[in-house]
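Novice: Okay, so the sequence shown: first residue is 0 according to numbering that gives the first Met the number 0, each after it adds one.
From the three backbone atoms N, C-alpha and C, an ideal C-beta is built for every residue, glycine too.
All of these numbers come straight from a predicted model, not from anything done at the bench.
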Amino acid sequence: MRGRETLRPTAPGDEGRLKTLWKVCFGDEDTYIGHFFAKGYVPGQGLVLETGGEIASMLLPFSQEIVGPDGTAVPVWYVYAFCTHPDCRSRGFGQRLLAWTEERGTLLGKRGVVMVPGEESLFSFYRTLGYQTCFSTWEQVISRENQTALPQVAPCTLEEYRQLRARRLQGRWWVRYPGRSGTWQEALCWDSGGGLYRVGDGVAAVERWGGEIAVKELLSRCPEQSAQALLAALGGERALVRAPGPGAERKPFGVVKWLDPAARTWWQGGDGGCLAFAYD
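Structural data, given as structure tokens:
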């Protein structure tokens, strides 16, 4: 791919080429990719870099909000499906597209750009681009044990999940998932054989691709006991569990680039914010 380079928003009719680039870069099945464009894609909100008339890089952001302890919320973009065609890598296309995303986000009233680096080494790379680690997680594989007096597990709707989640996270720094940023995670949960659940006085978002249980978010006063309740209810032997955790056990999870000085000053959460969904 060579020729004139153009940065632009996605337009109707781009979907076929976006799906092709997704498959080339990530290797997902056609049904999964098609499902995203039906449930998660916001037409016109994607951003692409073209060269020679072909889409070389893409980024499909979700609109989200970062909420502070007092309930104040600031609008941000979450970077998703960020990739460059293998034939076009090492030409700076990804960095150019990301920089333009930040510029466009500012024009559209976004006050930050959020992403989850794909591997630990990328945290330092994004730091050179002005991103800071603001979100962390506790992650552990939990095996099923025979326990009694476990909390009750029951399915819940996305709206119920959102309300219970906001209640559990009150007084913290956290990310809220309005619109399709929430419906896409809901689809990933239910379509994989998992779901959204109320667990005692908390909530859990569970995916179950290929029978493997992954709890993408567990909000509970006692995460390990709630994980045992989920394993018992779902008939699983082990689960990968993500939850907000104590400082000594946290690992870096998400980064933010603030797009205005006031937002940068507003953030006082250090690296302990709660970012649940990476759609990974």
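Can Arg-179 and Gly-39 be called in contact, C-beta distance under 7 Å?
Specialist: As a first step, residue 179 is located in the sequence shown; it is residue number 180 there, counting from the start. As a first step, residue 39 is located in the sequence shown; it is residue number 40 there, counting from the start. In this structure, Gly-39 lies closer than 7 Å to Arg-179 by Cβ.
Novice: Is the separation between the beta-carbon of Gly-201 and that of Leu-187 shorter than 7 Å?
Specialist: Counting from one through the sequence shown, the residue named residue 201 turns up at place 202. Counting from one through the sequence shown, the residue named residue 187 turns up at place 188. Not closer than 7 Å, so no.
Novice: Residue range of the beta strand (DSSP E) that Pro-177 falls in?
Specialist: Position 178 of the sequence shown, counted from the start, is the residue given in the question as residue 177. From DSSP, Pro-177 is part of no beta strand (DSSP E); its letter is neither H nor E.
Novice: Near Thr-33, which residues of its chain fall below 8 Å by C-beta distance, leaving aside the five closest residues on each side in sequence?
Specialist: Translated into positions along the sequence shown, residue 33 becomes position 34. Checking the displayed sequence, the identity of residue 33 turns out to be Gly instead of Thr. Contacts found: Lys-18.
Novice: Does the count of Cβ pairs from the segment 247 to 262 and the segment 118 to 127 closer than 8 Å reach three?
Specialist: Yes: at least three Cβ pairs fall under 8 Å.
Novice: Using three-state DSSP, classify Ala-277 as helix, strand or coil.
Specialist: Looking up residue 277 in the sequence shown gives position 278. Coil at Ala-277, not helix or strand.
Novice: Following a CB-centred definition, is Arg-7 positioned closer than 6 Å to any heavy atom of the ligand ADP?
Specialist: Because no ligand of any kind appears in the structure shown, any question about the ligand ADP cannot be addressed here.
Novice: Compute the beta-carbon to beta-carbon distance between Cys-82 and Phe-134, rounded to the nearest angstrom, for a pair I have assumed lies under 8 Å.
Specialist: Position 83 of the sequence shown, counting from 1, holds the residue named residue 82. Position 135 of the sequence shown, counting from 1, holds the residue named residue 134. About 22 Å; that fails the 8 Å criterion.
Novice: Considering only the alpha carbon of each residue, which of Gly-181, Gly-108 and Thr-147 lies closest to Tyr-160?
Specialist: Numbered from its first residue, the sequence shown carries residue 160 at position 161. Of Gly-181, Gly-108 and Thr-147, the residue nearest in Cα terms is Gly-181.
Novice: Is it right to say Val-115 is buried, meaning 16 or more other beta carbons lie within 10 angstroms of its own, or is it exposed?
Specialist: The residue you call residue 115 lines up with position 116 of the sequence shown. Its Cβ being crowded by 16 or more others within 10 Å, Val-115 is buried.
Novice: Does Ser-120 pass the burial test, meaning 16 or more other C-beta atoms within 10 Å, or should it be called exposed?
Specialist: Residue 120 sits at position 121 when you count from the first residue of the sequence shown. Result: exposed.
Novice: Please report the straight-line C-alpha distance between Arg-88 and Asp-69, rounded to a whole angstrom.
Specialist: To locate residue 88, count along the sequence shown from 1; it is residue 89. To locate residue 69, count along the sequence shown from 1; it is residue 70. Distance between the alpha carbons of Arg-88 and Asp-69 is about 43 Å.
Novice: What residue ranges within the segment 203 to 272 form continuous alpha helix (DSSP H) runs of no fewer than 4 residues, ordered along the chain?
Specialist: 222 to 233 and 260 to 265, all fully within the segment 203 to 272.
Novice: Using DSSP bridges, identify the partner residues of Tyr-196.
Specialist: Against the sequence shown, residue 196 aligns to sequence position 197. Per DSSP, Pro-154 and Ala-203.
Novice: I'd like the list of long-range same chain contacts for Ala-262, defined as Cβ closer than 7 Å, with 5 residues on each side in sequence excluded.
Specialist: As a working mapping, residue 262 is identified with position 263 in the sequence shown. Same-chain partners within the cutoff: Val-73, Arg-110 and Gly-111.
Novice: Round the Cβ separation of Arg-249 and Trp-76 to the nearest angstrom and send it over; I've been treating them as touching at under 8 Å.
Specialist: The residue you call residue 249 lines up with position 250 of the sequence shown. The residue you call residue 76 lines up with position 77 of the sequence shown. Actually they do not touch by this definition, with Cβ atoms about 24 Å apart.
Novice: Contact between the segment 53 to 64 and the segment 166 to 178 is defined here as three or more beta-carbon pairs at a separation below 8 Å; is this criterion met?
Specialist: Touching, per the Cβ criterion.
Novice: When DSSP builds the beta bridges, which residues end up paired with Tyr-77?
Specialist: Position 78 of the sequence shown holds residue 77. Tyr-77 pairs with Phe-61 and Val-113.
Novice: Use the C-beta contact count for Ala-206: other C-beta atoms within 10 angstroms, 16 or more gives buried, fewer gives exposed.
Specialist: For the purposes of this step, residue 206 is taken as residue 207 along the sequence shown, with counting starting at 1. In the sequence as presented, Ala is not what sits at residue 206; that position holds Glu. Classification of Glu-206: buried, given that the 10 Å Cβ count is 16 or more.
Novice: Let me know the secondary structure DSSP gives Ala-10 once reduced to three states.
Specialist: Reading the sequence shown from its first residue, position 11 is the one you call residue 10. The answer is coil: DSSP assigns Ala-10 none of H, G, I, E or B.
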